[in-house]
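Peer 1: My questions all concern the structure below.
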Amino acid sequence: MKLELRGITKRFGALVANDHIDLVVEPGEVHALLGENGAGKSTLMNVLYGFYDPDDGQILVDGVPVEFAGPGDAMAAGIGMVHQHFMLVPVFTVAENVVLGYEPVKGGGLIDLAEARRRVKEISDRFGFDVDPDALVEDLPVGAQQRVEIIKALSRDAKVLILDEPTAVLTPQETDELIAIMRQLKAAGTSIVFITHKLREVRAVADRITVIRRGKVVGAARPDSSETELASLMVGRSVSLGVERAPAQPGAVALQVRGLSVLDEAGVLQVDDVSFDVARGEIVAIAGVQGNGQTELTEVILGLEPAVAGSVVLDGTELIGRSVKDVLLAGVGYVPEDRSADGVVADFSVAENLVLDLFDQAPFARGISLDLAAIQENAERRAVEFDVRTQSVSDAVSTLSGGNQQKVVLAREMSRPLRLFIASQPTRGVDVGSIEFVHKRVVQERDSGTPVIIVSTELDEVLALADRIVVMYRGRIVGTVPGGTDRDVLGLMMAGVPQAEAEAQAATHHTVLGEADIEASEEESK
Amino acid sequence: MSQATPAPEQPAGSTAPAPRRDDGIEARAQGALREMLTSSWLVTVCALVLAMVISGVLIAAADADVQDAAAYFFARPADFFSAAWDAVWGAYVALFQGAIIDPTASTFTRAVRPLTETMTTSVPLILAGLGLGIGFRAGMFNIGAQGQIILGAIFAGYIGFAFDLPPVLHLLLAVIGAAVGGGLWAGIAGFLKARTGANEVIVTIMLNNIAIYLVGYLLSTKAFQREGSNNPISPPVGGNAEYPLLLGSGFRLHLGFLLAIAAAVFVWWLMSRSTLGFQFRAVGSNPSAARTAGINVNRVYLLVMMIAGSLAGLAGSAQILGTEKVLTDGVAASFGFDAITVALLGRSKPLGTFFAGLLFGALRAGGFAMQARTGTPIDIVLVVQSLVVLFIAAPPLVRAVFRLPSAGGRGAAPELSAPVVKEAAA
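In order, the protein sequences belong to chains A and B. Taking my numbering, the leading residue of the first sequence gets 9, the next gets one more, and so forth. Taking my numbering, the leading residue of the second sequence gets 47, the next gets one more, and so forth.
If you want it as structure tokens, here you go:
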């Protein structure tokens, strides 16, 4: 099936989210849609999937113009979508999820579960998915849940499969399996639209690449374009992807975490007997797939959650048992993982957000009275220093883009003398241009002698920043490896494989992306 | 609410659209609250107009002349319309004359008395409304002003009639007592929320009931009941404990009005200029970010309730030391509930609350005159009040009626609808 979008335009008020976008997806090709957050990729796919009516332009399937009133029409026309956030019912089985919405029925209006199972089995066998139709979805790992979504789309005879940021939640090994699946589907004649902002993956699987910036198609690229070329196209100016940094000059150990354990509300051990050190002037990255205790670990250090056992000593002072305020005043800078939930107060101004944890300290307060002039002056200075793009520091922070909001958080947390800096997912939802800036500031902080902890689920980020890498899996530390460790080894460790075994396995079997790494480094050395 | 930044696809979600942690009734209630607080001034005015129009229909419908004229509507429709107009116009003129100024009165004192009555009536509404407004902005739906007013009145009343103290000191002590009484009563709800997470809406409603029966019980005890009386009524408060009258004995307007103005200024300073107010607002907008920034959220809950309760307590003092002078079980009238409306109408801002309080004071004061002169039931005033809130709670409705543009082109369509349709399709 050939899918064609012609001159698709979608406006929201004054905002043109899609501006005359043309896109042709040939049968059996993997077509990557590359663009930053907010470039208009998802809007375009939502138009294609029938969520939005385009203001202008048309969609053609095999040369015939079609109109979709909703996702049902799109599905009927052979378009399937796998959302970034899965649309599955956790307490249903795989088979039940797959047939949800158009259940096969037998006599008496009962659901024909045998038929449902057969469908799942058939697709799963055809592509070697290895999914048990009777497993409960909530028991499956994320990668398998994604496969259920793909089966769901395929069972409705999807000829074009849209994958929206499919690798965001996967381990490197799972990503590798997904890439294999994409190749198989392609071989079977299914077209794939692959939405992403990750350059490495695009180069690994795409046949054609369309780059979108600010709602417009800014160009097509071939998969053999270099990452820097792609990034420049995406951002609209030249960017350097790697962070230039001198080797770390670690000083004395500043932070000692010993035997730390944390329970969640349900009484499940989220952090299990974790011990590590961080020295002055080094960046320790905590790597792991989302939800393996990293979040809880940082929250305990800050005092947001209680620890059931263990100690956290910073420069000889015990932090466990102290209030958040005390920990912050002890010189801990903290960038939370979820910026909009924990980092900023959306309807506060940029200026107010910049003093969210300093508002009662001199010079921002005199007694119990705020010094608005000092707050304003500070905001103007920080906005320049951290390149926060805003019309006025009195604007609500919610009017800023994600990257600029993150700069506000960084500016706040780095604007006082620090003895420890913790940043969780420092560049999540941040545009490529700002990532560079954020990474530079983190390295600068390290070079000024501050111990730094980075928590990240993005291997690229871990590898770009870390001097040492602590890998966590199910609340435990799997191992500590030096920065620059092989991506495949890290990936296996993130799946719980001990270091030695991971090294052995990685040596015999490289993932696609791992190979791309090696090739790139070989090219460089030539 | 992205206004200028090009972030069209955020709603549909290539970035994680950050699921709110406390998704539930509470979050939704807070969302509704925010909606009410952020709608524009124009909407407020339109809501008021709309409420008056609908109430006008009710006034006409309830009027005997109009009903008569309706019987021969098809024969002489003009009769019907002129009767309806007379009824509505008459009622609203009476309302105005009873609330602001009465040009038909025989003496100047009588002519301006309605305005002073409005000001007097507005005192408890403004004071309690200011307190509720602080709570709303801190994200707490305090329904307990009624109970807090009663407790303020109990404390102030007891100090007022049980002791005999010199001037100034007596009043000062009684007023402080009122603030402490209301503050402690509301503090119970704040404490329970901070310690156990108990929902303040439920706790404050229950505390209202307890307060109502508490005052009833107290008025049957020796300490409170007037000697020689079988009715639930206390002795009158001492003259030294009364709020001095501002305009002489011809008017009821008392010092409490100046106290209300002072309180409005104080609340303005507290919320926009003090470190404490900064914390209140931060907790109200995003408690988890506030917590991450080292703000003690539980302490804020307690403090907000205590300050709100103190202001409601002062409203109680205005009743017992200003207008009623004795403690009865009806001392709080319905001021505690009307104050919720006042705070919402005033958008929880001090200046807005002040004027909303005056408006509701006017409706209340004018309502009596309207009933007396035109026979229009005073309940119409309640209908107006209720409709105002109803319309403020539904800004899109008001915008639709008056053909106003939707909230300043905030791109509400993509942000609100996208996740919804997605969920529906899943």
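Cβ atoms here follow ideal geometry from the backbone N, Cα and C, with glycine treated the same way. The structure presented is a predicted model; accordingly, all values stated were derived computationally and were not measured.
Kindly list, in the order they appear in chain B, the residues whose Cβ is closer than 8 Å to that of LEU426 (chain A).
Peer 2: Correct list: empty, because the minimum Cβ distance to chain B is about 15 Å.
Peer 1: Please identify the residue among B:LEU436, B:ASN344 and B:LEU301 whose C-alpha is closest to the C-alpha of THR242 (chain B).
Peer 2: Checked all of B:LEU436, B:ASN344 and B:LEU301; the closest Cα to THR242 (chain B) is B:ASN344.
Peer 1: Per DSSP, which residues does ILE159 (chain A) bridge with? Please list them.
Peer 2: Answer is none; ILE159 (chain A) lacks a bridge partner.
Peer 1: Beta carbons nearer than 7 Å to chain A: which residues of the segment 304 to 333 of chain B have them?
Peer 2: Hits within the stretch, in order: ARG319, SER320, THR321, LEU322, PHE324, ALA328, SER331 and ASN332.
Peer 1: Whose C-alpha, out of A:GLU37, A:ALA124, A:VAL32 and A:GLN181, is nearest the C-alpha of VAL156 (chain A)?
Peer 2: The shortest C-alpha separation from VAL156 (chain A) is found at A:ALA124.
Peer 1: How big is the Cα-Cα spacing for LEU443 (chain B) and PHE437 (chain B)?
Peer 2: If you take the alpha carbons of LEU443 (chain B) and PHE437 (chain B), they lie about 7 Å apart.
Peer 1: Between the Cα of GLN538 (chain A) and those of A:SER357, A:ALA381, A:PHE372 and A:ASP368, spot the shortest distance and give me the residue it belongs to.
Peer 2: In this structure chain A extends from 9 to 534, so residue 538 (chain A) is not present and cannot be described.
Peer 1: Going by the CB atoms, is the gap between ARG319 (chain B) and SER283 (chain A) shorter than 9 Å?
Peer 2: Not closer than 9 Å, so no.
Peer 1: Note down, in chain order, all residues in the segment 404 to 428 of chain A with a beta-carbon under 7 Å from any beta-carbon belonging to chain B.
Peer 2: Going along the segment 404 to 428 of chain A in chain order, one finds SER406, THR407, LEU408, SER409 and GLY410 with a Cβ nearer than 7 Å to chain B.
Peer 1: Hey, would you say ALA137 (chain B) sits closer than 9 Å to ILE105 (chain B), going by beta carbons?
Peer 2: Closer than 9 Å, so yes.
Peer 1: Please decide whether ASP496 (chain A) counts as near chain B, where near means a Cβ-Cβ distance under 9 Å.
Peer 2: It does not: the Cβ of ASP496 (chain A) has no partner Cβ on chain B nearer than 9 Å.
Peer 1: GLY236 (chain B) and MET317 (chain B) - do their beta-carbons sit closer together than 9 Å?
Peer 2: No, they are not a contact pair.
Peer 1: So what does DSSP say about ILE353 (chain B), is it helix, strand or coil?
Peer 2: It is helical.
Peer 1: DSSP three-state call for LYS415 (chain A): helix, strand or coil?
Peer 2: LYS415 (chain A) falls in the helix class under three-state DSSP.
Peer 1: Residues in the segment 360 to 385 of chain A with C-beta within 8 Å of chain B's C-beta atoms, listed in sequence order?
Peer 2: The segment 360 to 385 of chain A vs chain B, Cβ under 8 Å: GLU360, LEU364, ASP365, PHE367, ASP368, ALA373, ILE376, SER377, LEU378 and LEU380.
Peer 1: For THR488 (chain A), which beta-bridge partners are listed by DSSP?
Peer 2: THR488 (chain A) is bridged to A:VAL478.
Peer 1: Sorted by chain position, which residues of the same chain lie with C-beta nearer than 6 Å to PRO65 (chain B)'s C-beta, five sequence neighbours on each side aside?
Peer 2: Any reading at PRO65 (chain B) needs caution, since the residue's pLDDT is 36, under 50, leaving its predicted position unreliable; the model's value is listed next. Counting only Cβ-Cβ distances below 6 Å, and skipping sequence neighbours, we find nothing.
Peer 1: On the DSSP bridge assignment, give the partners of LEU42 (chain A) in chain order.
Peer 2: DSSP lists A:THR204 and A:VAL219 as partners of LEU42 (chain A).
Peer 1: So, at 8 Å on beta carbons, what are the nonlocal neighbours of ALA85 (chain A) in its own chain, with the 5 sequence-adjacent residues on each side left out?
Peer 2: Excluding positions up to five away in sequence, the list reads VAL69, VAL74 and PHE76.
Peer 1: So what does DSSP say about GLN92 (chain A), is it helix, strand or coil?
Peer 2: Looking at GLN92 (chain A) - three-state DSSP - the assignment turns out to be coil, as it is neither helix nor strand.
Peer 1: How about GLU523 (chain A): is its C-beta nearer than 9 Å to some C-beta of chain B?
Peer 2: No, no contact with chain B.
Peer 1: Given a cut-off of 9 Å, decide if LEU364 (chain A) and ALA335 (chain B) are closer than it, judged by their beta-carbon atoms.
Peer 2: For ALA335 (chain B) and LEU364 (chain A), yes; Cβs fall inside 9 Å.
Peer 1: Mind checking THR516 (chain A): buried by the 16 CB within 10 Å criterion, or exposed?
Peer 2: It counts as exposed.
Peer 1: Identify which residue in B:GLY392, B:ALA408 and B:PHE383 has its Cα closest to the Cα of GLN189 (chain B).
Peer 2: Position check: residue 189 (chain B) holds Ile in this sequence, whereas Gln was assumed. With distances taken between Cα atoms, ILE189 (chain B) lies closest to B:PHE383.
Peer 1: Consider the Cβ of ILE341 (chain B): report whether some Cβ of chain A lies at a distance smaller than 9 Å.
Peer 2: Yes - at least one Cβ of chain A is within 9 Å of the one on ILE341 (chain B).
Peer 1: Shorter than 9 Å from the beta carbon of ALA107 (chain B) to some beta carbon of chain A?
Peer 2: Cβ-Cβ to chain A under 9 Å: no for ALA107 (chain B).
Peer 1: Please report the distance separating the alpha-carbon of ILE87 (chain A) from that of LYS167 (chain A).
Peer 2: Computed Cα separation, rounded: 6 Å.
Peer 1: Output, in chain order, the set of chain A residues within a Cβ distance shorter than 9 Å of ARG337 (chain B).
Peer 2: In chain order: LEU312, VAL332 and ASP350.
Peer 1: Check GLN6 (chain A) in the structure and name its three-state DSSP category.
Peer 2: No information on residue 6 (chain A) is available, as it lies outside the stretch 9 to 534 that chain A covers here.
Peer 1: Taking only three categories from DSSP, how would you classify PRO149 (chain A)?
Peer 2: PRO149 (chain A) falls in the coil class under three-state DSSP.
Peer 1: Do ASP142 (chain A) and the ligand FMN come close, with the Cβ less than 8 Å from some heavy atom?
Peer 2: The ligand FMN is not among the ligands present in this structure, which contains no ligands whatsoever.
Peer 1: Cutting at 8 Å between CB atoms, please list the residues of its own chain near LYS448 (chain A), excluding the five before and the five after it.
Peer 2: If we look at LYS448 (chain A) and ignore the five residues flanking it on each side, its Cβ neighbours are VAL251.
Peer 1: Tell me, please, whether the CB atom of PRO344 (chain A) is closer than 9 Å to any CB atom in chain B?
Peer 2: Taking Cβ atoms only, chain B reaches closer than 9 Å to PRO344 (chain A), which makes this a yes.
Peer 1: Does the segment 219 to 238 of chain B come close enough to the segment 361 to 381 of chain B to have 3 or more Cβ pairs within less than 8 Å?
Peer 2: Because the criterion of three Cβ pairs below 8 Å is met, the segment 219 to 238 of chain B and the segment 361 to 381 of chain B touch.
Peer 1: Report the three-state DSSP secondary structure of GLU388 (chain A) (helix, strand or coil).
Peer 2: If DSSP states are grouped into helix, strand and coil, GLU388 (chain A) belongs with the helices.
Peer 1: Span of the alpha helix (DSSP H) holding ARG28 (chain A)?
Peer 2: Reading off the sequence, residue 28 (chain A) comes out as His, not Arg. First-last for HIS28 (chain A): 23 to 33, but that is the beta strand (DSSP E), not the alpha helix (DSSP H).
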